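Sequences listed follow chains A and B, in order.
Just so we're aligned, residue 127 is where the first sequence starts under this note's numbering, counting upward by one.
Just so we're aligned, residue 127 is where the second sequence starts under this note's numbering, counting upward by one.
Glycine residues also receive a C-beta, built at the ideal position from the N, C-alpha and C atoms.
As the structure is a computational prediction, the values presented were derived from the model and not from experiment.
2 protein chains.
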Amino acid sequence: MFLAEGYKSVVEFIDSSYQVEGIYHTAPFDPKMLNLSRNINLYAISATEMQKISGLKTPQDVIAVIAIPQWPKPGNNNLKEKFSIVLDGVQDPGNMGTIIRTADWFGITDIICSTDTVDAYNPKVVQASMGSLSRVRVHYTELATALPKMNLPVFGAMLDGGVIYKTDFGNEGLLLMGNEGNGIRPGLQKLITVAVTIPRVGKAESLNVGIATALFCSE
Amino acid sequence: MFLAEGYKSVVEFIDSSYQVEGIYHTAPFDPKMLNLSRNINLYAISATEMQKISGLKTPQDVIAVIAIPQWPKPGNNNLKEKFSIVLDGVQDPGNMGTIIRTADWFGITDIICSTDTVDAYNPKVVQASMGSLSRVRVHYTELATALPKMNLPVFGAMLDGGVIYKTDFGNEGLLLMGNEGNGIRPGLQKLITVAVTIPRVGKAESLNVGIATALFCSE
């Protein structure tokens with residue numbers, strides 16, 4: 127199970143295919159606002175109880191307990207003729223949440239993560255994804271064995287690749303982004319079919335991985 | 127004064143025009159690593175003292191106390207023939223830090239903020255900027271009176287503007303980004319000369335402001 131906190135986020139999961147197991151709210155919140163068409167258990171709780179449940183410093187007045195979904199395994203059959211994001215060891219929950227939100231903006235429906243990537247159901251990730259987690263499938267798998275089977279071009283974010291603005295992305299592929307500090311691990315670098323670079327004009331050592339992912343999605 | 131924490135960040139400020147007032151380090155850290163060419167006061171302190179000074183949960187072994195700089199007022203004389211970022215009420219320190227880092231990557235040297243924008247010298251902003259604050263000038267001013275005097279095109283991030291990929295940005299201008307929840311306030315919207323939109327393909331309600339800023343910089 128995982129938690130979604132706050133009215134907006136809760137509503138987005140209610141309107142999704144996710145299995146909402148229960149909704150907990152404090153007294154001032156009127157559950158009619160949720161417009162429940164599904165039969166979901168509602169529990170009125172005290173502010174102290176909400177404080178104990180919440181992962182936020184300032185808890186909101188409604189929280190949902192939701193089952194972690196099991197998605198069909200990502201593969202060549204369901205990733206063809208579209209773009210998906212692949213994350214190799216992204217660690218920061220804020221980055222992960224922003225990447226999910228950005229994917230949703232650009233209509234990307236699948237994010238495939240190495241097993242050591244931060245948990246997408248971590249409360250901070252759910253919060254930062256702003257409800258977009260309800261529309262984006264996040265998978266965890268052994269990338270080194272899974273990627274070759276997908277039989278798709280792998281566009282890897284590297285510091286020494288071709289200029290992103292001149293890259294022909296075609297109409298399908300995997301956008302492979304690396305860990306915040308170390309980038310893409312060597313074992314995966316060799317699976318890259320097109321190394322792509324966001325040209326640097328100034329002096330920052332690197333771009334934030336959420337920013338780099340967004341620029342890939344945009345291009 | 128403000129604090130820069132950690133070896134990398136401290137070194138970037140030492141190598142900048144900033145006035146470093148003092149450097150505090152715990153015992154295992156060797157100040158020779160700093161390669162000080164300037165005469166800066168060094169203080170060896172205990173881990174407990176570092177814990178008290180630091181704004182981080184896990185303090186690093188070196189911290190610098192630096193004077194907040196006074197930059198020349200941004201205006202038409204020093205913003206011509208380049209792009210600058212204008213922030214109207216951005217609140218989140220992580221977003222602010224990422225925007226500074228992104229500006230630095232794209233060679234943007236000036237960020238002009240409304241007076242209610244988060245303080246760029248907030249420890250969380252300094253941390254998220256990854257040293258880029260040492261190379262980017264952040265100004266605070268009353269935007270409604272300052273912007274017209276700059277006599278530059280104002281490209282405003284709006285939900286109903288022209289498509290960003292078809293926008294002719296020319297060779298100078300201000301990239302105006304709004305608050306996380308409310309966007310650009312109405313009083314400033316009327317100063318926009320070109321309203322620009324990042325087209326949405328999926329269903330996310332909005333993009334993170336750091337992401338949107340990066341896409342503007344990239345274009």
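- From the beta carbon of A/L341, is the nearest beta carbon of chain B less than 8 Å away? Cβ-Cβ to chain B under 8 Å: yes for A/L341.
- Under 8 Å (Cβ pairs) to chain B, residues found in the segment 310 to 330 of chain A: Taking 8 Å as the upper bound on Cβ-Cβ separation, chain B lies near residues I324, R326, V327, G328, K329, A330 of the segment 310 to 330 of chain A.
- Can you list, in chain order, the residues of the segment 135 to 159 of chain B whose Cβ is nearer than 7 Å to any Cβ on chain A? So nothing in the stretch comes that close.
- Task: Could you name the residues of chain B that A/D230 contacts, counting a contact when the two beta carbons are closer than 8 Å?
- Result: Within chain B, the residues near A/D230 are G328, K329, A330.
- Query: Which word fits B/M256, buried or exposed, when buried means at least 16 other C-beta atoms lie within 10 angstroms of its C-beta?
  - Reply: Its Cβ being crowded by 16 or more others within 10 Å, B/M256 is buried.
- Residues of chain B with a CB under 8 Å from the CB of A/L348: which are they? Any answer about residue 348 of chain A is impossible in this case: the structure gives chain A only from 127 up to 345.
- Out of curiosity, what's the CA-to-CA distance linking B/A270 and A/L314? Our two residues, B/A270 and A/L314, have alpha carbons roughly 50 Å apart in a direct line.
- By how many angstroms is the C-alpha of A/I171 removed from the C-alpha of A/M303? Separation of A/M303 and A/I171 (C-alpha to C-alpha, rounded to the nearest whole angstrom) is 42 Å.
- Message: Going by the DSSP bridge assignment, what does A/I211 pair with across the sheet?
- Response: Paired residues: A/I237, A/L301.
- Can you name the start and end residues of the beta strand (DSSP E) that A/E131 belongs to? Counting along the chain, A/E131 sits inside the beta strand (DSSP E) bounded by residues 128 to 131.
- Task: Would you mind stating whether A/I140 and A/L168 have Cβ atoms separated by less than 8 Å?
- Result: No, Cβ-Cβ distance for A/I140 and A/L168 is not below 8 Å.
- Task: Put A/L182 into one of helix, strand or coil per three-state DSSP.
- Result: In this structure, A/L182 counts as coil in the three-state DSSP scheme.
- Sequence-distant residues of the same chain with beta carbon closer than 6 Å to A/Y133, five excluded per side: Excluding positions up to five away in sequence, the list reads V188.
- Message: Counting only Cβ pairs nearer than 7 Å, list the residues of chain A close to B/T224.
- Response: Ordered by position in chain A, the residues that pass the 7 Å Cβ test against B/T224 are N334, I337.
- With DSSP run on the structure shown, which of helix, strand or coil describes A/M222? Collapsing the DSSP output to three states places A/M222 in a helix.
- Query: Tell me, which residues are paired with A/Y150 by DSSP?
  - Reply: Per DSSP, the beta bridge partners of A/Y150 are A/Y169, A/I189.
- Taking 8 Å as the cut-off, decide whether the C-beta atoms of A/M284 and A/A338 are in contact. Not closer than 8 Å, so no.
- Message: Can you check which of these residues, A/V262, A/M159, A/G299, is closest to A/Q347 by C-alpha distance?
- Response: Limits of chain A in this structure are 127 at one end and 345 at the other, which puts residue 347 of chain A out of reach.
- Query: B/P312: buried (16+ other C-beta within 10 angstroms of its C-beta) or exposed?
  - Reply: Burial is judged here by how many other beta carbons sit within 10 angstroms of a residue's own beta carbon; B/P312 has fewer than 16 and is exposed.
- Query: How is B/F139 classed by DSSP in three states: helix, strand or coil?
  - Reply: In the structure shown, B/F139 sits in a helix (DSSP, three-state: H, G or I).
- Task: With 9 Å as the limit, tell me which residues of the segment 297 to 311 of chain B have their beta carbon closer than that to any beta carbon of chain A; keep them in chain order.
- Result: When C-beta distances to chain A are compared with 9 Å, every residue of the segment 297 to 311 of chain B stays at or above that value.
- Query: Taking buried to mean at least 16 other C-beta atoms within 10 Å of its own C-beta, is A/T319 buried or exposed?
  - Reply: Counting Cβ neighbours within 10 Å, A/T319 comes out exposed, since fewer than 16 surround it.
- Can you tell me the Cα-Cα spacing of B/T228 and B/L300, whole angstroms? Rounded to the nearest whole angstrom, the CA to CA distance from B/T228 to B/L300 is 15 Å.
- Item | First through last residue of the alpha helix (DSSP H) which encompasses A/V251 | Unbroken alpha helix (DSSP H) run through A/V251: 249 to 254.
- Task: Would you list the one or two residues that DSSP bridges to B/V264?
- Result: Paired residues: B/I237.
- Count the C-beta pairs between the segment 241 to 257 of chain A and the segment 219 to 233 of chain A that are closer than 8 Å, then say yes if the count reaches three, no if not. As far as the Cβ criterion goes, the segment 241 to 257 of chain A touches the segment 219 to 233 of chain A, which means the pair count is three or higher.
- Query: Using DSSP with H/G/I as helix, E/B as strand and the rest coil, what is B/F281?
  - Reply: Three-state DSSP puts B/F281 in a strand.
- Which residue comes first and which comes last in the alpha helix (DSSP H) that contains A/T339? Start and end: 335 to 344.
- Query: Excluding sequence positions up to five away, which residues of its chain have a Cβ less than 7 Å from the Cβ of B/N297?
  - Reply: Cβ neighbours of B/N297 within its own chain (closer than 7 Å, five residues either side excluded): E207.
- Return yes when the Cβ of A/D230 is within less than 8 Å of the Cβ of B/S329, no when it is not. Note that residue 329 of chain B is Lys in the sequence shown, not Ser. Closer than 8 Å, so yes.
- Query: What does B/R261 touch in chain A if you count any residue whose Cβ is under 9 Å from its own?
  - Reply: The answer, in chain order, is G328, K329, A330.
- Item | Option in A/S143, A/Y150, A/T323, A/S142 with minimal Cα separation from A/E131 | With distances taken between Cα atoms, A/E131 lies closest to A/Y150.
- Could you give the distance in angstroms between the alpha-carbon of B/S210 and the alpha-carbon of B/N202? Going from the Cα of B/S210 to the Cα of B/N202 covers about 11 Å.
- Query: Using the C-alpha atoms, what's the distance from B/A272 back to A/S240?
  - Reply: A/S240 and B/A272: Cα-Cα distance of roughly 48 Å.
- Any beta-carbon of chain A closer than 8 Å to the one on B/A181? Checking the sequence shown, residue 181 of chain B turns out to be Gly, not Ala. With 8 Å as the cut-off, B/G181 does not count as an interface residue toward chain A.
- Task: Select from B/D286, B/I290, B/V327, B/N204 the residue whose C-alpha is nearest the C-alpha of B/I310.
- Result: Ranking the options by Cα distance to B/I310, first place goes to B/D286.
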